[in-house]
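These notes concern the structure reproduced below.
Structure follows, in structure tokens:
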């Protein structure tokens, strides 16, 4: 049960796009279309931003999108806004009723 | 509006026990699986346990298997986490969350803090 691998930090200027990666294996990210992404502001609970790789829950801006290639998933944030500054976590089903999270990426809006 | 309210956290000595509760409202609780996720201070999210909508034995992370037990009472719209043989590394904010599509967790409570220290 190894955690998924995310870069510890990412940054971009307002209006720019940034991509956060989430690397897994052929037993988790690569085997299931169950990657989710969560946004967490300091002191707050996580918020679901993307589910099933590409789907946005109601109310999430379309600036947020997801993709997957092989064993790596990505969260793309377009048109960065100051309020997008937060920690982002990916997760994936890993079989045998196990859920894995990534280590998290701190996104800074410069 | 979906609401999840956790309680039961606090200070406990190593080797001790604690029971967390999460009361749900705003949705049909008995039709949703429920999950506990924890976050150690300054660290990332860690899946702890999930229980299907119908109940049963639940699923556990290796780090807590044999020490923690998840349960639910659909008549009380509540899910519980019984934590035994607590260790320093179990110290964290514990969140309950609803199970969404594709193993996502779509609604989260505000969390309850568990501190394990002598």
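Protein chains in written order, with my numbering: chain Y, 1 to 110; chain E, 1001 to 1118.
Glycine residues also receive a C-beta, built at the ideal position from the N, C-alpha and C atoms.
Query, Result
"For residue 1095 of chain E, go through chain Y and note every residue whose CB falls closer than 9 Å to its CB, in chain order.", "45, 46"
"Tell whether a beta-carbon distance below 8 Å holds between residue 46 of chain Y and residue 89 of chain Y.", "yes"
"How far does the beta strand (DSSP E) with residue 1107 of chain E in it extend, from its first residue to its last?", "1105-1108"
"Which residues in chain E have a C-beta closer than 9 Å to the C-beta of residue 99 of chain Y? List them in chain order.", "1035, 1037, 1047, 1050, 1059, 1061, 1103, 1105"
"Check whether the Cβ atoms of residue 92 of chain Y and residue 34 of chain Y sit closer than 8 Å, and answer yes or no.", "yes"
"Tell me whether the beta-carbon of residue 1038 of chain E lies closer than 8 Å to the beta-carbon of residue 1094 of chain E.", "yes"
"Any residues in the stretch 24-36 of chain Y with a beta carbon nearer than 9 Å to a beta carbon of chain E? Which ones, in chain order?", "32, 33, 34, 35, 36"
"Compute the beta-carbon to beta-carbon distance between residue 103 of chain Y and residue 6 of chain Y, rounded to the nearest angstrom, for a pair I have assumed lies under 8 Å.", "5 Å"
"From residue 64 of chain Y to residue 77 of chain Y, what does the alpha carbon distance come to, in whole angstroms?", "5 Å"
"Answer with yes or no whether the minimum CB distance from residue 51 of chain Y to chain B is below 8 Å.", "Of the chains in the structure shown, none is chain B; the protein chains are Y and E."
"Report buried or exposed for residue 1003 of chain E, applying the criterion of at least 16 other Cβ atoms within 10 angstroms of its Cβ.", "exposed"
"Spell out the partners DSSP gives residue 55 of chain Y in its beta bridges.", "Y:51"
"Reducing DSSP to helix, strand and coil, say where residue 62 of chain Y ends up.", "coil"
"With residue 99 of chain Y as the anchor, note down where its beta strand (DSSP E) starts and where it stops.", "99-101"
"I think residue 28 of chain Y touches residue 100 of chain Y, with their Cβ atoms under 8 Å apart; what is that distance to the nearest whole Å?", "6 Å"
"Have a look at the DSSP bridge pairing and note the partners of residue 1046 of chain E.", "E:1038"
"Less than 8 Å separating the beta-carbons of residue 1014 of chain E and residue 1116 of chain E?", "yes"
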